[in-house]
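Chains as they are written, first to last, in the working numbering: chain A, 42 to 139; chain B, 31 to 501.
The structure appears right after this line, and notes come after that.
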């Protein structure tokens with residue numbers, strides 16, 4: 042087990058705690074947007090696909106990188122746009138009398 | 031002492047990005063700030079993606095640039111197209127689809143990185159090999175599992191559990207093969223072939239694991255797969271030595287895990303029971319036995335049901351998945367508005383697992399512009415049903431099934447339900463007497479206080495609205 046992986050593990054564990062702390066307060070009304078937003082956030086692996094595509098030097102890696110980029114970009118862009126659309130509806134103030 | 035200014039710049043930008051992600055997620059906890067929270071996350075993502083492009087490992091040969099630009103642009107175009115055109119009722123399958131895409135990306139990145147290292151003759155530490163194994167397994171399970179979940183939600187596949195003889199044995203064997211391959215890869219420097227076999231086996235497991243899970247359990251499945259992809263992204267960060275991946279992936283993993291626990295608790299079942307319980311096999315027996323007795327039901331007309339509601343003091347609406355299928359959320363809003371004109375108090379009771387993903391009903395009603403202070407969670411409203419004149423059940427089934435309280439042999443026994451049967455009159459809108467997604471007979475429909483109004487929920491709601499107007 043090398044140092045760098047161990048350091049990564051520390052960051053990982055601490056981020057999990059931060060995540061639970063921050064997300065634990067989300068009301069059930071917003072569970073779908075929460076899931077949709079986090080769904081877009083894990084699209085950050087697109088960044089990994091960037092790195093692969095940037096250093097690819099064989100046909101196999103070209104193909105893998107291309108598919109990874111396609112899927113990752115779909116995840117990030119689609120995820121954020123659909124979450125935004127959804128949250129726009131939540132922002133609308135009720136017009137009718139209560 | 032900083033020797034590489036470019037690398038330092040990238041690292042600092044990642045740190046800023048991580049902080050913005052956390053603040054963005056924080057803002058998601060209130061409807062008023064949620065939209066800006068999502069925008070924060072977009073900014074954080076954009077920052078992290080752009081600074082990655084100045085990484086020193088980039089070759090910038092024409093072929094790399096072409097692949098990078100076209101792959102990303104194509105993916106973005108397809109993603110945005112679907113995101114803008116999808117119906118709000120189809121959100122669960124949309125989330126499943128994007129989730130699978132993310133899982134696939136993680137698995138492919140790990141595969142490509144590993145095989146790139148091998149082919150260039152670089153050594154791979156045990157830690158990196160372990161992270162690669164975990165990432166490939168979780169990413170592939172998420173990709174294949176989400177694809178099956180998508181198929182079920184889109185009704186390309188049957189929503190009922192798909193089972194065959196010896197299914198759990200086959201899944202267990204595939205699981206063991208995966209563990210064996212993983213151990214071999216980490217402990218004995220297994221090569222290219224092994225990682226591809228691992229990828230294939232994990233895909234098979236992803237399919238095999240989700241097939242036997244019924245449509246009613248999809249909220250849990252989607253939450254689990256979401257968490258899987260998050261963790262796959264995080265371990266990808268271990269492999270490509272990128273901290274922002276670790277942080278963002280862990281945040282998603284935590285969120286998915288949190289929702290998983292909430293959903294399982296709302297059904298009073300353990301996660302293991304949901305994932306491996308083969309829900310359908312038990313229910314087939316129990317449901318069939320009751321159905322054989324052919325109990326009486328009271329069918330009603332829209333006019334009669336409308337009169338009962340128009341002269342009520344309080345009506346509680348209980349929406350379920352049927353509302354989403356029929357796309358009746360706007361009609362329900364109109365009906366409520368009409369009832370309010372008659373001086374009726376209208377409230378909505380939302381069961382935590384109503385629909386096919388966590389919070390599904392809230393999104394639909396928000397789309398129809400129902401004020402969210404009329405939506406009540408189960409604990410808040412359950413005491414109120416006995417004071418309500420009418421409970422209007424629209425396309426909900428298992429979440430109002432009294433068998434969950436009383437029938438110890440029922441597969442949903444112990445699940446907290448909405449106490450709809452305590453209302454003075456119950457009006458149920460339903461397509462037919464077919465049992466719900468879980469395939470369980472519902473005693474509520476045979477209750478003497480229950481009026482059944484058959485037909486498509488959207489049509490029925492429109493008729494009810496017209497009849498209330500006339501009343």
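Just so it is clear, CB atoms sit at the ideal spot from N, CA and C, and this is done for glycine as well.
Taking all protein chains shown into account, residue 99 of chain B has fewer than 16 neighbouring C-beta atoms within 10 Å of its C-beta and is therefore exposed. Scanning its chain for C-beta atoms nearer than 6 Å, with the 5 sequence neighbours on each side dropped, one finds around residue 329 of chain B the residues 482, in chain order. The count of Cβ pairs closer than 8 Å, one atom from the segment 120–130 of chain A and one from the segment 168–184 of chain B, stays below three, leaving the stretches out of contact. Distance from the CA of residue 234 of chain B to the CA of residue 213 of chain B, rounded to the nearest whole angstrom, comes to 18 Å. Contact check for residue 102 of chain B against residue 131 of chain A fails: the beta carbons are separated by 9 Å or more. The closest CA to that of residue 241 of chain B, considering only B:273, B:189, B:231 and B:64, is found on B:189. With a cutoff of 9 Å on beta-carbon distance, residue 250 of chain B and residue 285 of chain B are scored as not near each other.
Using a CB distance cut-off of 9 Å, residue 164 of chain B does not count as an interface residue toward chain A. Nearest to residue 355 of chain B by C-alpha distance, out of B:153, B:68 and B:426, is B:426. Residue 346 of chain B is bridged by DSSP to B:377 and B:421.
In this chain, the beta strand (DSSP E) harbouring residue 482 of chain B covers 480–484. Taking the C-beta atoms as reference points, residue 55 of chain B is found no nearer than 9 Å to residue 57 of chain A. With a cut-off of 8 Å on Cβ pairs, the segment 364–380 of chain B is not in contact with the segment 277–292 of chain B, counting fewer than three such pairs. Separation of residue 419 of chain B and residue 121 of chain B (C-alpha to C-alpha, rounded to the nearest whole angstrom) is 33 Å. Straight-line measurement puts the Cα of residue 135 of chain B at about 8 Å from the Cα of residue 108 of chain A. In this structure, residue 439 of chain B and residue 66 of chain A do not form a Cβ contact; the two beta carbons are roughly 39 Å apart against a cut-off of 8 Å. For residue 173 of chain B, the uninterrupted alpha helix (DSSP H) run begins and ends at 156–183, by DSSP. Under a 10 Å Cβ-count criterion, residue 117 of chain A is classified as buried, with 16 or more other Cβ atoms of the shown protein chains found around its own Cβ. For residue 141 of chain B, the CB contacts under 7 Å within the same chain, skipping 5 residues up- and downstream, are 166, 225 and 229 in chain order.
Assigned with DSSP and collapsed to three states, residue 438 of chain B falls in coil, not helix or strand. Sixteen is the threshold: when 16 or more other Cβ atoms of the shown chains lie within 10 Å of the Cβ of residue 244 of chain B, as they do, the residue is buried. Against chain A, the CB of residue 85 of chain B has a partner CB under 9 Å away; the residue lies at that interface. When 7 Å is used as the limit between beta carbons, residue 139 of chain B is near these residues of chain A: 86, 89, 90, 93 and 109, in chain order. Fewer than three pairs of CB atoms, one per stretch, sit closer than 8 Å, so the segment 138–154 of chain B makes no contact with the segment 183–200 of chain B. DSSP places residue 135 of chain B in the uninterrupted alpha helix (DSSP H) bounded by 121–149. Residue state for residue 455 of chain B is assigned as strand, using DSSP reduced to three classes. Here residue 94 of chain B is actually not in contact with residue 113 of chain A; their C-beta atoms are around 16 Å apart, not less than 8 Å.
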